[in-house]
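Visitor: Please read through the structure below; I'll follow up with questions.
In my numbering, the protein residues as written are 755 to 1103.
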């Protein structure tokens, strides 16, 4: 028998929460549309608050943009505080940026726009739909969606490869202000960035510390897209086979891409490559449980992201200690930098 209105009333809040979970994708889709239409850049470039018609006229389009569609997207984004809105004397809505706007602006050097476009592309989202299948049957989520793992797919699909590399480059820019403050860089003479992508993070480090001899090490299809960078030598290779020798080795957001077995192999290869008086520097998430048993929401979402894409995972300090010890690094130090992301110094002595 159906519940009465009186019986349904106490369930309203929990029902509202489930609707919010169900439609959570609306947030990322609206933000993605804003980036593609360059709405943050248009609004920020205008001298003062801007009307919808002025935004519409600034959108690059082969035909006249649909104002009603744009209004509905803007209304949603204002409600989410991506933009703000006021009314002028003529009754027109005027839009302005908020502190959130800059993070999705293409013109901001620390923009998250490339990562947002990557994570919300159909090619990247397909594996999220394979969670339950892989719980029942095992196997890799990305392979279930695409027929091969993420790394092989990137080597074959130019669109995915560019989206991935652009996304990783933007996170390097985001990391740099914190990495630049890392005291360990001041005494380094050489640094090998394993899985360094197109080399943007390493280039920023060399700009700050020109005395460092820098090697950017990655797979062939990644290095092919890497530009020439002052002070950076690009080297092609596979970290599971061997790693170029260096005083110090840097891995940024690499280990969370892999299960424990593969991480231990990477660390063993790092142990062979790093000098006895050097260290391995890992930039990665360390999951920390609060007193109430909860974790940082961003960290847990990143863990599911790894589950969806690469077969890796985010780790607690104990899990980090376990793989570091098995990889040949019995001493380590953790330096928190932002959210759950940390610098982990691993010493071979």
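The beta-carbon is built from N, C-alpha and C at its ideal position, and this holds for glycine as well.
None of the values given here were measured: they were computed from a predicted structure.
Compute the Euclidean distance between the alpha carbons of residue 1008 and residue 856, then round it to the nearest angstrom.
Guide: Their Cα atoms are separated by approximately 27 Å.
Visitor: So who's on the other strand from residue 1099, going by DSSP bridges?
Guide: For residue 1099, which the question treats as bridged, DSSP gives the partners 1035 and 1087.
Visitor: Starting from the C-beta of residue 791, find all residues in its chain whose C-beta is less than 7 Å away, skip the five residues before and the five after it, and write them out in chain order.
Guide: If we look at residue 791 and ignore the five residues flanking it on each side, its Cβ neighbours are 813.
Visitor: Relative to the C-alpha of residue 871, which candidate in 965, 971, 961 and 782 has its C-alpha closest?
Guide: The shortest C-alpha separation from residue 871 is found at 782.
Visitor: Since residue 947 and residue 939 are thought to touch, with beta carbons under 8 Å apart, how far apart are those beta carbons, to the nearest angstrom?
Guide: Contact doesn't hold; Cβ gap of about 12 Å is too wide.
Visitor: Once the 5 residues before and after residue 920 are set aside, which same chain residues still bring their CB inside 7 Å of it?
Guide: So the qualifying residues of the chain are 868 and 872.
Visitor: Count the other CB atoms, across all protein chains shown, that sit within 10 Å of the CB of residue 1068; report buried if there are 16 or more and exposed otherwise.
Guide: Under this definition residue 1068 is a buried residue.
Visitor: Between residue 1092 and the rest of its own chain, which residues show a CB-CB distance below 8 Å, the 5 nearest in sequence each way excluded?
Guide: Only 932 meet the Cβ criterion.
Visitor: At the 7 Å Cβ level, is residue 781 part of the contact set with chain B, yes or no?
Guide: In the displayed structure, chain B is absent; only one protein chain is listed.
Visitor: Return the CA-CA distance between residue 1027 and residue 999, expressed in angstroms with no decimal places.
Guide: Whole-angstrom Cα-Cα distance: 4 Å.
Visitor: Output the boundary residues of the beta strand (DSSP E) element that contains residue 1003.
Guide: Residues 1000 to 1006.
Visitor: With distances taken from CA atoms, which of 833, 844 and 763 is nearest residue 725?
Guide: Residue 725 lies beyond the stretch modelled for the chain, which goes from 755 to 1103, so this question has no answer here.
Visitor: Within its chain, find whatever has a CB closer than 6 Å to the CB of residue 1058; leave out the 5 residues flanking it on each side and keep chain order.
Guide: Around residue 1058: no qualifying Cβ.
Visitor: Keeping to the same chain, check which residues put their C-beta closer than 7 Å to that of residue 861; ignore five residues upstream and five downstream.
Guide: Only 795 meet the Cβ criterion.
Visitor: Pull up the DSSP beta-bridge partners for residue 797, would you.
Guide: In DSSP, residue 797 forms no bridge with anything.
Visitor: Using the Cβ count rule (16 or more neighbours within 10 Å means buried), how would you classify residue 954?
Guide: The residue is buried, with at least 16 neighbouring Cβ atoms inside 10 Å.
Visitor: Taking only three categories from DSSP, how would you classify residue 945?
Guide: If DSSP states are grouped into helix, strand and coil, residue 945 belongs with the strands.
Visitor: For residue 739, name the three-state secondary structure that DSSP assigns.
Guide: Residue 739 lies beyond the residue range present for the chain, which begins at 755 and ends at 1103; the question has no answer from this structure.
Visitor: Under 8 Å by Cβ, that's how I've got residue 1029 and residue 1001 pegged, so tell me the actual separation to the nearest angstrom.
Guide: Yes, residue 1029 and residue 1001 are in contact; Cβ-Cβ is about 5 Å, under 8 Å.
Visitor: Spell out a yes or no on whether the segment 1038 to 1050 and the segment 1070 to 1079 are touching, meaning 3 or more CB-CB pairs, one atom from each, closer than 8 Å.
Guide: With a cut-off of 8 Å, the segment 1070 to 1079 and the segment 1038 to 1050 count as touching, because enough Cβ pairs lie within range.
Visitor: Candidates 878, 1050, 1079 and 772: which alpha carbon is nearest residue 1021's?
Guide: That would be 1079, whose Cα lies nearest to the Cα of residue 1021.
Visitor: DSSP three-state call for residue 756: helix, strand or coil?
Guide: If DSSP states are grouped into helix, strand and coil, residue 756 belongs with coil.
Visitor: I need the straight-line Cα distance from residue 874 to residue 885, nearest angstrom please.
Guide: One C-alpha to the other measures close to 17 Å.
Visitor: Thinking residue 882 and residue 1062 are a contact (beta carbons under 8 Å), I'd like their distance in whole angstroms, please.
Guide: Between residue 1062 and residue 882 the Cβ distance is about 5 Å, and since that is below 8 Å, they are a contact.
Visitor: With a 10 Å radius around its C-beta and 16 neighbouring C-beta atoms as the bar for buried, classify residue 772 as buried or exposed.
Guide: Its Cβ having fewer than 16 others within 10 Å, residue 772 is exposed.
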